[in-house]
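Quick notes on the structure that follows.
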Amino acid sequence: MSKFRTLTLAVSMAVALGGCATSGNPRDPFEGYNRAVFNFNDKVDEVALKPVATAYKNVTPGFFQTGVSNFFGNLADIWTAANNMLQGKVGDGMSDVMRVALNSTFGLLGVLDVASEAGLQKHKEDFGQTLGSWGVPSGPYLVLPLLGPSTVRDTAALPADIVADPWRYKDPVNVRTIGSVTRVVDQRASLLDASSLLEDAALDRYEFVRDGWMQRRNSQVYDGEDGPQGKQKQAEQEDEVKNPPQAIIAEPAEKTSSL
């Protein structure tokens with residue numbers, strides 16, 4: 004099943020089940036559906052993805068794993084640059100463009116992250132974050148089959164993220180497929196330690212993942228600020244730094260002579 008069909012099915016199921024869903028959390032009105040998909044994803048991970056990721060981490064050398072992560076991270080920087088521009092963060096966008104240029108040339112097509120060594124900070128932006136910066140509300144929390152945590156806004160933005168992925172257009176198809184599978188396995192391998200801690204610590208893994216993901220996502224959308232108000236406050240502070248208010252010096256009162 005293609006990613007587009009998976010997204011369509013997920014949204015359709017959420018809408019269908021939304022009417023009968025009961026949840027004490029207003030951010031998660033589809034909790035019944037979400038928990039079912041969460042458990043399904045958990046089983047798929049337990050049976051297939053986690054064992055493969057564990058073998059990948061144990062068998063392949065560290066420099067290979069780093070190279071894979073860097074290579075696909077370099078491709079992701081292209082879309083990150085575009086989204087930073089769309090959000091009005093021109094400085095960050097230009098920095099991302101420079102990262103891609105450096106890593107694609109001196110970094111052997113991105114296998115080496117020479118841009119970070121040169122002091123160019125890595126950003127991570129997607130179209131869901133761009134929509135959020137434009138004021139589009141996140142909507143309810145939504146767990147997508149195989150793809151995991153999301154929101155209605157981020158789910159609507161996913162097709163743009165998929166179409167903008169440069170690897171999607173890589174030929175021949177068998178090379179593209181092998182690369183896509185390797186990317187997923189590498190990403191899962193990087194989360195093995197965190198998932199083990201989660202399994203040991205969380206009483207309700209669903210709630211733990213949901214609350215942690217939504218807090219992190221909100222921080223990503225608003226660049227660490229506390230929602231739109233925090234971002235507006237940050238903008239006002241930056242404006243004050245660029246245009247400091249002029250000090251008002253009171254004129255001394257006229258002296259009156261006493262006779």
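All residue numbers for the sequence shown refer to this note's numbering, where the first residue is 4 and numbers rise by one. Where a beta carbon is used, it is the ideal one built from N, C-alpha and C, also for glycine. Note that the coordinates shown come from a computational prediction; the quantities given were computed from them, not determined experimentally.
With 16 as the cutoff for other CB atoms within 10 Å, does residue i come out buried or exposed?
i: S199; result: exposed
i: T180; result: exposed
i: G122; result: exposed
i: W82; result: buried
i: L134; result: buried
i: L105; result: buried
i: T259; result: Model confidence at T259 stands at a pLDDT of 48, short of 50, so the residue's coordinates are unreliable and nothing is read from them.
i: V146; result: buried
i: E34; result: buried
i: F66; result: exposed
i: S193; result: exposed
i: D196; result: exposed
i: G22; result: With a pLDDT of 43 at G22, under the threshold of 50, the predicted position of this residue should be treated as unreliable, though the coordinate-derived value follows. With fewer than 16 other Cβ atoms within 10 Å, it is exposed.
i: G70; result: buried
i: N37; result: buried
i: V176; result: exposed
i: D174; result: exposed
i: P32; result: buried
i: D99; result: buried
Checking 9 Å against the spacing of the C-beta atoms, do residue i and residue j come in under that value?
i: Y172; j: F41; result: no
i: G131; j: L150; result: no
i: S141; j: D157; result: yes
i: K127; j: R102; result: no
i: R191; j: D48; result: yes
i: Q68; j: D214; result: no
i: A84; j: G94; result: no
i: F43; j: P169; result: no
Bridge partners for residue i per DSSP, in chain order?
i: Y36; result: Answer by DSSP bridge pairing: none, since Y36 is not bridged.
i: S153; result: L145
Is the shortest distance between the beta-carbon of residue i and the beta-carbons of chain B less than 9 Å?
i: R179; result: Among the chains of the structure shown, chain B does not appear; only one protein chain is present.
What residue from the options has the CA that sits closest to residue i's CA?
i: Y144; options: L52, N106, N221; result: N221
i: L115; options: W137, N77, P152, P32; result: N77
i: N28; options: M217, D95, G94; result: M217
i: K60; options: R219, T185, Q223, Y225; result: T185
i: A167; options: D80, V62, A51, D31; result: D80
i: F74; options: W137, R38, S183; result: S183
i: Y225; options: D129, V212, F211, A118; result: D129
i: V212; options: V178, A51, S153; result: S153
i: A51; options: L206, R30, D207, V187; result: V187
i: W137; options: P32, K92, A118, D31; result: K92
Touching by the beta-carbon criterion (3+ pairs, under 8 Å), the stretch 103-116 and the stretch 201-211: With a cut-off of 8 Å, the stretch 201-211 and the stretch 103-116 do not count as touching, because too few Cβ pairs lie within range.
Given 8 Å, three or more beta-carbon pairs between the stretch 84-91 and the stretch 46-58: The stretch 84-91 is not in contact with the stretch 46-58.
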